[in-house]
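As structure tokens, the structure follows; a few thoughts come after it.
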Amino acid sequence: MPEKRLVLLGGGHSHILLLKKLGMRPIKGLITSLVTPDATMIYTGMLPGAIMGTYSLDEIQVDLVKLGNYSNSRVIFDYAKNINVKEKNVGLGTRSPIGYDILSIDIGINYKLPKIKGFEKFVVPVKPFEDFMVSWKQFLAGLDQLGKNPAIALIGAGAAGCELALAINFKLKNLGCNPLITLIDVGKVASSIPNKAQKKILGCLKQNDIKFKEHTKIVQVSDQGLQFKGGETLFSDLTISTAGGQPHTWLSRSGLRLDRGFVQTLQTLQSVSHDFVFASGDCSEIKGHPSKRAGVFAVKAAPILYQNLYRYLNSRELLSYTPQEKFLQALTLEGRKALIFRGNSSISGFLPWLYKDFVDRSFLKKFSLNSPMNLNKKGSDSKENQMLCGACGAKVGGSILDKVLKKLPDTAPIMTNNIGDDAAILNISGTLKVLTTDHLRKFCEDPWKMAKITAIHALGDIWAMGAKPTVVLSHITVPESSLEYQEHYLSEIISSANETFLAEGAHIVGGHTTKGSELMIGFTILGDVGKQPITIKGASPTDKVILTKPIGVGTILAGEMQGLAKGKWVKEAHEWMMRSQGQISRIIGQNATAMTDITGFGIIGHLMKICRESGVGVTLSLDQVPILKGALDLTLIGVRSTLFEENVSQSFDVKYPKDNIKWPLLFDPQTSGGLLAAIPEKDVYLVTNELKKYGFMNEVIGEFFAGTPEIRVT
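Residues in the sequence shown are numbered from 8 upward in steps of one, following this note's numbering.
This is the structure:
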């Protein structure tokens, strides 16, 4: 059976359970992509506990990157703008559309109330949960300025609003505050909850001095609080909203049949209008079976979704899912108390909390995964116990390269520099050009991202020479697959690469493709130089060392392969690798006396090249060197990139403090690493200010001195 592309839109409950199942029982021929803006999914049921401090944030999260690796799926960090059912693609916010053969939608609902003046600016929606937790931490950090009686308004007094009010109250009282909390709703408080359970919630709210404002319409929100219809006002230091749950408006442009804005499906979870589109969770509505918005339905739908995807691919009859009318619900009250109810039966207290805690932890335990690539759970310094890394971690070591390159005859007559610089400088009929080539071995499942990172990585050599790229040749090895999928695969690569190079003023003019065991992408780039190129020869004593990107990429990628890196660390590393340095290279290039880009030989290896060619030494301040989040954590448990030991073996002119826990990162190979520049002291302020303006690293990390080529790390 030829490959089929499944795109999972959203990382909701149905999709995370589906991915877990796909990891356990893959569906032959199915190539899966998860589109999500976040690297983690916060489990709603434990959010009140996290606010109170019962759980850490890590304890209530599902790591979508690890889940993607476990299920052999690619994870695309983006959000959907539209769905094109005719062309069968999904329009994304930051990249070209992604095509699909089958689409599954599990994107939840939107929690914004745009009709209220000031809402967007002054209200913190509880969803996305990741953004809410950031705002909550910022609020807690500023409590000292608010005094002992912080005022908090919660818009929406349903079950979620009540849980949140009690959790916030509990947390703030434990911090020594006496908060003033008010629940506001256009209807009654906890109106959707059965009577007996509702009375217990109301009693708990009153016992904790949480006020209600029922049947109240908000007309404006400001930094001073809320204004209601009729002119009454309420002061608030923090305004939160759990109300306004509504379908995403862009779904109306999708061509799918909707029911009040929700994707209407059959009981098979297929769209009633397009059988190749599935939907589940809060964003959908099953025809003839209207149900409440609750996570339990998405969880129950997941096994049916898996079965029906398999059956759809194999042209078999699909199964039906009927959402239950009554279901067990559990709400967190204050501290370690919970309310459990089904219909009009309910129980509250510590024992229900124990039950809820057990159920919640059991659910999340399903996703306590190590990547299927993981061969070494504890991490190790030993090369034998490390998998061969991708990207720059797969480069041949510097010592081998030096020995082999020394056997070459003299450089070509048109080449004006020596082999070993970032790019060859060619004198073609009196005009200077720079030429470079770079190839990366597969390190992620996303060919679009791989192409972009490889392009940025290859451009680094051109930028380091102070040149501007003009023409590009591509070299692509694609894995064996059907002709149809090869076309899709190559289209994503070429689309991404072309978009990246065009943004830098360069054009792809040709190349070569072949089939192989795994993806490999390379580019050969020719660049123009308006003046004498910047080389690694030119640094002078007292010049300062500046680095534009944090280090630690090799360690993060090695950690991901071993199932040890958190998804948010991987996401941040990818974001840095995809950042173009074209604009800042022109700024730095006006002042730099020497420059290179940090790649496979790590910051030490590339800095030593500058020292040797320039005939100077350098003092490097290790604590000033920027490091990616998570890289140090992984280093401390022994995670190393494949090239690490080779890089260390070449450090005989380096004095570094082994008592500083950061030292291994000095030898960490970088992919699409930062520019490392020697800047005269008089120009440092100008350069660092410009770097800061464009959001790059901008600290001085060292200084060159007169003397023999060596590196002194302090």
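Glycine included, every Cβ here is placed at the ideal spot set by N, Cα and C. All values derive from a computational prediction rather than experimental measurement.
* To do: Tell me whether the beta-carbon of ASN424 lies closer than 8 Å to the beta-carbon of THR542.
  => Stepping through the sequence shown from its first residue, residue 424 is reached at position 417. Stepping through the sequence shown from its first residue, residue 542 is reached at position 535. A contact, by the Cβ cut-off of 8 Å.
* Just grab the DSSP bridge partners of SER291 for me. => Along the sequence shown, read from residue 1 onward, the residue named residue 291 stands at position 284. Residue pairing from DSSP places SER291 in a beta bridge opposite VAL270.
* Under the three-state DSSP convention, the category THR521 falls into -> Position 514 of the sequence shown, counted from the start, is the residue given in the question as residue 521. Reduced to three states, the DSSP call for THR521 is strand.
* Sort VAL69, PRO330, LEU54 by Cα distance to LYS27 and report the nearest one. => What you label residue 27 is simply residue 20 of the sequence shown in a count that begins at 1. Across the set VAL69, PRO330, LEU54, the C-alpha of VAL69 shows the shortest separation from the C-alpha of LYS27.
* Residue range of the alpha helix (DSSP H) that GLN677 falls in? -> Mapped onto the sequence shown, residue 677 falls at position 670. From DSSP, GLN677 is part of no alpha helix (DSSP H); its letter is neither H nor E.
* Expressed to the nearest angstrom, what Euclidean distance is found between the alpha-carbon atoms of GLN205 and ALA197? -> To locate residue 205, count along the sequence shown from 1; it is residue 198. To locate residue 197, count along the sequence shown from 1; it is residue 190. C-alpha of GLN205 to C-alpha of ALA197: approximately 6 Å in a straight line.
* Can you tell which of ILE421, GLY18, ILE83, THR61 has the C-alpha that lies nearest to the C-alpha of GLU579? -> In the sequence shown, counting from the first residue as 1, residue 579 sits at position 572. Looking at the Cα atoms, ILE83 is the closest of the given residues.
* **For VAL485 and LEU526, believed in contact at Cβ under 8 Å, the rounded distance** => Start at 1 with the first residue of the sequence shown, and residue 526 comes out as number 519. Start at 1 with the first residue of the sequence shown, and residue 485 comes out as number 478. About 6 Å separates the beta carbons of LEU526 and VAL485, which is inside the 8 Å limit, making them a contact pair.
* Reduced DSSP secondary structure (H/G/I, E/B, other) of ARG448 -> The sequence position of residue 448 within the sequence shown is 441, counting from 1. In the structure shown, the three-state DSSP call for ARG448 is strand.
* Asked: Per DSSP, what kind of secondary structure is PHE129 in: helix, strand or coil?
  -> Position 122 of the sequence shown holds residue 129. Helix at PHE129.
* Would you mind working out which of THR329, SER280, LYS11, LYS689 sits nearest PRO548, comparing C-alpha positions? => As a working note, residue 548 is residue 541 in the sequence shown. Across the set THR329, SER280, LYS11, LYS689, the C-alpha of LYS689 shows the shortest separation from the C-alpha of PRO548.
* **Among ARG448, THR521, LEU533, the one whose alpha carbon lies nearest that of TRP470** => Sequence index remark: in the sequence shown, residue 470 carries index 463 (1-based). Comparing alpha-carbon positions, the option among ARG448, THR521, LEU533 lying closest to TRP470 turns out to be LEU533.
* Asked: Among PHE357, LEU338, GLY342, which residue has its Cα nearest to the Cα of ARG349?
  -> Looking up residue 349 in the sequence shown gives position 342. For the residues PHE357, LEU338, GLY342, the minimum Cα distance to ARG349 belongs to LEU338.
* Using a threshold of 8 Å, state whether the C-beta atoms of ALA158 and PHE219 are closer than that. => As a first step, residue 158 is located in the sequence shown; it is residue number 151 there, counting from the start. As a first step, residue 219 is located in the sequence shown; it is residue number 212 there, counting from the start. The answer is no: Cβ separation not under 8 Å.
* Outcome for LYS236 when other beta-carbon atoms lying within 10 angstroms are tallied against a minimum of 16 -> As a first step, residue 236 must be located in the sequence shown, where it is residue number 229. Flag for LYS236 reads exposed.
* Asked: Can at least three beta-carbon pairs, one atom from the segment 588-605 and one from the segment 674-690, be found at a separation below 8 Å?
  -> Flag = yes, the segment 588-605 and the segment 674-690 touch.
* Asked: Does the Cβ of HIS519 have 16 or more other Cβ atoms within 10 Å, making it buried, or fewer, making it exposed?
  -> The residue you call residue 519 lines up with position 512 of the sequence shown. The residue in question, HIS519, is exposed, as its Cβ has fewer than 16 Cβ neighbours within 10 Å.
* Test item: CB-CB of ALA258 and GLY268 under 8 Å -> Reading the sequence shown from its first residue, position 251 is the one you call residue 258. Reading the sequence shown from its first residue, position 261 is the one you call residue 268. Checking the sequence shown, residue 258 turns out to be Leu, not Ala. Closer than 8 Å, so yes.
* To do: Spell out the partners DSSP gives ALA684 in its beta bridges.
  => The residue given as residue 684 occupies position 677 in the sequence shown. Paired residues: ILE553, MET602.
* Express the C-alpha separation of ASP244 and LYS155 in angstroms, rounding to a whole number. => Position 148 of the sequence shown, counting from 1, holds the residue named residue 155. Position 237 of the sequence shown, counting from 1, holds the residue named residue 244. As the crow flies, the alpha-carbon of LYS155 is around 12 Å from that of ASP244.
* Asked: So ILE116 packs on CYS290, CB below 8 Å; how close in whole Å?
  -> Here residue 116 refers to the residue found at position 109 of the sequence shown. Here residue 290 refers to the residue found at position 283 of the sequence shown. The pair is a contact, with the Cβ atoms about 6 Å apart (cut-off 8 Å).
* Would you mind working out which of HIS255, TYR362, ILE162, VAL284 sits nearest ASP108, comparing C-alpha positions? => One-based indexing of the sequence shown puts residue 108 at position 101. Per the Cα distances, VAL284.
* To do: Taking all protein chains shown into account, decide if SER389 is buried (16 or more other Cβ within 10 angstroms of its Cβ) or exposed.
  => By one-based count along the sequence shown, residue 389 stands at place 382. Low local confidence applies: a pLDDT of 42 at SER389 is under 50, so the model's placement there is unreliable, with the coordinate-based value given in what follows. Answer is exposed; the Cβ neighbour count stays below 16.
* Cβ-based burial, LEU233 [other Cβ within 10 Å; buried from 16] -> What you label residue 233 is simply residue 226 of the sequence shown in a count that begins at 1. Within a 10 Å sphere around the beta-carbon of LEU233 sit 16 or more other beta-carbons, which makes this residue buried.
* Is there contact between the segment 287-304 and the segment 92-105, where contact requires at least three CB pairs shorter than 8 Å? -> No, the segment 287-304 does not touch the segment 92-105.
* Sub-8 Å separation of LEU376 and PRO359 beta-carbons -> Residue 376 sits at position 369 when you count from the first residue of the sequence shown. Residue 359 sits at position 352 when you count from the first residue of the sequence shown. Between LEU376 and PRO359, the C-beta spacing is not below 8 Å.
* Asked: For ILE34, which residues of its own chain have a beta-carbon under 7 Å away from its beta-carbon, when the five flanking residues on both sides are left out?
  -> Your numbering for residue 34 matches position 27 in the sequence shown. Annotation for ILE34: LEU316, TYR317, LEU320 place their beta carbon closer than 7 Å to its own, counting only its chain and skipping 5 residues before and after.
* Going by DSSP, which residues form a beta bridge with HIS482? -> Translated into positions along the sequence shown, residue 482 becomes position 475. Paired residue(s): HIS519, GLY529.
* To do: Name, in chain order, the residues that DSSP records as bridge partners for LYS218.
  => As a working note, residue 218 is residue 211 in the sequence shown. Looking at the DSSP assignment, LYS218 forms a beta bridge with THR189.
* Asked: With distances taken between CB atoms, is the gap from VAL661 to ILE718 smaller than 8 Å?
  -> Numbered from 1 along the sequence shown, position 654 holds the residue referred to as residue 661. Numbered from 1 along the sequence shown, position 711 holds the residue referred to as residue 718. For VAL661 and ILE718, yes; Cβs fall inside 8 Å.
* Cross-strand partners of ASP70 (DSSP beta bridge) -> The residue given as residue 70 occupies position 63 in the sequence shown. BP columns for ASP70 point to THR47.
* Would you mind working out which of GLY18, PRO254, LEU182 sits nearest GLU137, comparing C-alpha positions? => In the sequence shown, residue 137 corresponds to position 130, counting from 1. When only C-alpha atoms are compared, the closest one is GLY18.
* Out of curiosity, what's the CA-to-CA distance linking THR438 and GLY75? -> Along the sequence shown, one-based indexing puts residue 438 at 431. Along the sequence shown, one-based indexing puts residue 75 at 68. Taking C-alpha positions only, THR438 is separated from GLY75 by approximately 49 Å.
* To do: Out of SER278, ASN91, VAL303, state which residue places its alpha-carbon closest to the alpha-carbon of ILE293.
  => For the purposes of this step, residue 293 is identified with residue 286 of the sequence shown, where counting begins at 1. Ranked by how close their Cα comes to the Cα of ILE293, the residues SER278, ASN91, VAL303 have SER278 in first place.
* **Own chain, CB closer than 8 Å to GLY356, minus 5 neighbours either side, in chain order** => As a position in the sequence shown, residue 356 is number 349, starting the count at 1. Same-chain partners within the cutoff: LYS344, ALA345.
* Asked: Which residues in the same chain as SER63 place their Cβ atom closer than 8 Å to its Cβ, once the five residues preceding and following it in sequence are excluded?
  -> Locating residue 63 in the sequence shown gives position 56, counting from the first residue. Excluding residues within five positions, the ones whose Cβ falls inside 8 Å are ALA57.
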